[in-house]
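Structure record follows, encoded as structure tokens.
Numbering (mature numbering (1 follows the signal peptide of the UniProt record, and there is no 0)), first residue to last: -21 to -1, 1 to 414.
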């Protein structure tokens, strides 16, 4: 019966996707923060959303796949997903295990096709009353990010940790220099000005006047690497937040932090950095596999350890949200299929159990008017075809999935065919919209 039910659910989702021809006008309601909570217009806003980092890439007119984009947005809309966390674009694109093509292949030089893809994505999201959290930089090499700015400004070859010649420690030492690199910081501010100053070619809306953009996010997982990095990091973060507030005071600002994992595992440092009154809400991430909570040799046992640690990590950061009276979003979390399999028919039972733990915390917060305001699972891969990729690795020209290029494709991705996970998401989104 279970298999029959899930097949029926998949078919119903597919039909709703294929038959959707939405052209309804947007509600055009901004997301704001009042009293430590999100509001959509005058109504409280809680959400189960997704990471959809590659959206602008498949939205591009020439190198993209707009048919796939439309199907994926319709599918997410059909299960209540209305909040997408999105990478504005990659930098460089010259390294192995990196997003290609890059939005900014050279400093200050832009790929017009990918800018058009970002416009198109936002326009289609607007039709579906969806909201975008747009992150403007990346601590990690998979999209270029801070390391690309360093290479552009004379700091030598990027210490790519995915090549045998470099270690992760060397990458950290290299990337830390971004916070003290004046020309890098200036170039990034120019990038921020360029993106925020844009007008959408499809809607005619200035980005600063587009309520589809819920939040500008400084970067993906900006991190203090060492004791010496504390003051330079704070100075840089405050500088970018000040610029965002100056350029677009009506759009929310967030940092993209992992939580205390971004700040030498110090919750007080997390609190101090987010005390900035122009940072409107808090973010936290959790990765049971990457943080050694999960053990492939003891999946059931380590699943319970992962759940316990996730609850404790959430509680610790929730206390900060209460003290600062700001909403908090669990804006990244992932969990592999059984035995870390990349096969699309591998069990997602353990993943669903972990997901539901966080969904349940969100629902409890919703019922109690609490500060946990949303979750964005990592990541949605929709209709991506990853089955023919060599050793699960992404190469230029392959479909983009929820997993970035340096990771096995399908490891943490929720695909359109993962009916039980989609059903779980829909159930919680229905509950959040029917208090």
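All C-beta atoms, glycine included, are put in the ideal place defined by N, C-alpha and C. Quick caveat: nothing in here was measured; it's all calculated off a predicted structure.
Quick check on DSSP: helix, strand or coil for residue 254? As a working note, residue 254 is residue 275 in the chain shown. It is coil, neither helix nor strand.
On a CA-only basis, which of 244, 99 and 209 is nearest residue 180? Give me that one, please. As a working note, residue 180 is residue 201 in the chain shown. It is 99.
Just mark residue 287 as buried or exposed, buried being the case when its beta carbon has 16 or more other beta carbons within 10 Å. By one-based count along the chain shown, residue 287 stands at place 308. Classification for residue 287: exposed.
Select from 241, 185, 171 and 409 the residue whose C-alpha is nearest the C-alpha of residue 205. What you label residue 205 is simply residue 226 of the chain shown in a count that begins at 1. Residue 205 has its Cα closest to that of 241, out of 241, 185, 171 and 409.
Alpha helix (DSSP H) runs wholly inside the region 88 to 175, at least 4 long, in chain order: 91 to 106, 124 to 131, 147 to 155 and 161 to 175
List the whole-angstrom C-beta distance separating residue 327 from residue 397, where the pair is believed to meet the contact cut-off of C-beta under 8 Å. If you number the chain shown from 1, residue 327 lands on position 348. If you number the chain shown from 1, residue 397 lands on position 418. Under the criterion of beta carbons closer than 8 Å, residue 327 and residue 397 qualify as touching, at roughly 6 Å.
Where does residue 410 sit, in a helix, a strand or coil, going by DSSP? By 1-based counting over the chain shown, the position of residue 410 is 431. Residue 410 falls in the helix class under three-state DSSP.
Range covered by the alpha helix (DSSP H) that runs through residue 222: In the chain shown, counting from the first residue as 1, residue 222 sits at position 243. Run containing residue 222: 209 to 226, per the alpha helix (DSSP H) assignment.
If you compare alpha carbons, which of 93, 296 and 53 is closest to residue 237? Translated into the one-based positions of the chain shown, residue 237 becomes position 258. Selected option, being the one with the closest Cα: 296.
Residue range of the beta strand (DSSP E) that includes residue 192: Taking the first residue of the chain shown as position 1, residue 192 is located at position 213. Residues 192 to 196.
Could you give the first and the last residue of the continuous alpha helix (DSSP H) run that contains residue 47? Residue mapping note: residue 47 aligns to position 68 of the chain shown, counting from 1. Where residue 47 is concerned, the enclosing alpha helix (DSSP H) stretches over 45 to 57.
On the three-state DSSP scale, how would you describe residue -1? Start at 1 with the first residue of the chain shown, and residue -1 comes out as number 21. Below a pLDDT of 50, predicted positions are generally treated as unreliable, and residue -1, at 35, falls in that range; the measurement from the model is reported next regardless. Residue -1 falls in the coil class under three-state DSSP.
Classify residue 83 as helix, strand or coil using the three-state DSSP reduction. Your numbering for residue 83 matches position 104 in the chain shown. Three-state DSSP puts residue 83 in a strand.
Under the three-state reduction of DSSP, which class applies to residue 347: helix, strand or coil? Numbered from its first residue, the chain shown carries residue 347 at position 368. Residue 347 falls in the coil class under three-state DSSP.
Just to confirm before moving on: does the CB-CB distance between residue 329 and residue 278 stay below 7 Å? For the purposes of this step, residue 329 is identified with residue 350 of the chain shown, where counting begins at 1. For the purposes of this step, residue 278 is identified with residue 299 of the chain shown, where counting begins at 1. Yes, Cβ-Cβ distance for residue 329 and residue 278 is below 7 Å.
Below 8 Å on the Cβ atoms is my contact criterion, and I expect residue 62 with residue 28 to pass it. Report the Cβ-Cβ distance as a whole number of Å. The residue given as residue 62 occupies position 83 in the chain shown. The residue given as residue 28 occupies position 49 in the chain shown. The Cβ separation is near 3 Å, so the contact holds.
Cross-strand partners of residue 30 (DSSP beta bridge): If you number the chain shown from 1, residue 30 lands on position 51. 64, per the DSSP bridge assignment.
Since I believe residue 261 is in contact with residue 219 (beta carbons under 8 Å), could you give me their beta-carbon distance rounded to a whole number of angstroms? Here the question's residue 219 lines up with position 240 in the chain shown. Here the question's residue 261 lines up with position 282 in the chain shown. So it is not a contact: roughly 16 Å between Cβ atoms.
Does the Cβ of residue 235 have 16 or more other Cβ atoms within 10 Å, making it buried, or fewer, making it exposed? Taking the first residue of the chain shown as 1, we reach residue 235 at position 256. Label assigned to residue 235: buried.
Residue 73, DSSP secondary structure in three states: Within the chain shown, the letter at position 94 stands for residue 73. In this structure, residue 73 counts as coil in the three-state DSSP scheme.
Would you give the residue range spanned by the beta strand (DSSP E) that residue 310 belongs to? Looking up residue 310 in the chain shown gives position 331. Unbroken beta strand (DSSP E) run through residue 310: 307 to 312.
Just to confirm my understanding: we take residue 319, look at its own chain, exclude 5 residues before and 5 after, and list those with CB closer than 6 Å. What are they? Translated into positions along the chain shown, residue 319 becomes position 340. Closer than 6 Å at the Cβ level, and outside the excluded window around residue 319, lie 275.
Give me the Cβ distance between residue 323 and residue 389, rounded to the nearest whole Å; I'm assuming they're in contact under 8 Å. Position 344 of the chain shown, counted from the start, is the residue given in the question as residue 323. Position 410 of the chain shown, counted from the start, is the residue given in the question as residue 389. Between residue 323 and residue 389 a beta carbon distance of about 7 Å is seen, short of the 8 Å cut, so the two are scored as contacting.
Smallest Cα separation from residue 252: which of 385, 211 and 284? Here residue 252 is taken as the residue at index 273 of the chain shown, counted from 1. If we check each option's Cα against that of residue 252, 211 comes out closest.
Among 65, 36 and 316, which residue has its Cα nearest to the Cα of residue 96? Taking the first residue of the chain shown as 1, we reach residue 96 at position 117. Of all alpha-carbon atoms in 65, 36 and 316, the one lying nearest the alpha-carbon of residue 96 is that of 36.
Report the three-state DSSP secondary structure of residue 331 (helix, strand or coil). If you number the chain shown from 1, residue 331 lands on position 352. If DSSP states are grouped into helix, strand and coil, residue 331 belongs with the helices.
Residue 225 to residue 122 span [Cα, whole Å]: Position 246 of the chain shown, counting from 1, holds the residue named residue 225. Position 143 of the chain shown, counting from 1, holds the residue named residue 122. In a straight line, the C-alpha of residue 225 is about 27 Å away from that of residue 122.
Run the CB neighbour count on residue 316, radius 10 Å, all protein chains shown included, and call it buried at 16 or more, exposed below. Locating residue 316 in the chain shown gives position 337, where the first residue counts as 1. Burial call: buried.
Return yes when the Cβ of residue 331 is within less than 7 Å of the Cβ of residue 285, no when it is not. Taking the first residue of the chain shown as position 1, residue 285 is located at position 306. Taking the first residue of the chain shown as position 1, residue 331 is located at position 352. Against a cut-off of 7 Å, the Cβ pair of residue 331 and residue 285 comes out as no contact.
Pop quiz: residue 360 and residue 341 are said to be a contact at Cβ under 8 Å. What is the actual Cβ separation, rounded to whole angstroms? Taking the first residue of the chain shown as 1, we reach residue 360 at position 381. Taking the first residue of the chain shown as 1, we reach residue 341 at position 362. At roughly 22 Å, the Cβ-Cβ gap does not stay under 8 Å, so residue 360 and residue 341 are not in contact.
Looking at C-alpha atoms only, which residue of 385, 80 and 192 is the closest neighbour of residue 7? As a first step, residue 7 must be located in the chain shown, where it is residue number 28. Nearest of 385, 80 and 192 to residue 7, Cα basis: 192.
Tell me which residue opens and which closes the beta strand (DSSP E) that residue 232 is part of. In the chain shown, counting from the first residue as 1, residue 232 sits at position 253. Note, residue 232: beta strand (DSSP E), 231 to 233.
Alpha helix (DSSP H) containing residue 8: first to last residue? One-based indexing of the chain shown puts residue 8 at position 29. Here residue 8 belongs to no alpha helix (DSSP H), and DSSP marks it neither H nor E.
Residue closest to residue 168, alpha-carbon to alpha-carbon, out of 128, 186 and 140: Indexing the chain shown from 1 puts residue 168 at position 189. Closest option to residue 168, Cα to Cα, is 128.
Proximal residues to residue 71 (C-beta, below 6 Å), its chain only, five neighbours per side dropped: Position 92 of the chain shown, counted from the first residue, corresponds to residue 71. Result list for residue 71: 81, 123 and 127, in chain order.
If you check the beta carbons only, do residue 186 and residue 177 fall under 7 Å apart? Counted from its first residue, the chain shown places residue 186 at position 207. Counted from its first residue, the chain shown places residue 177 at position 198. Contact flag set, yes.
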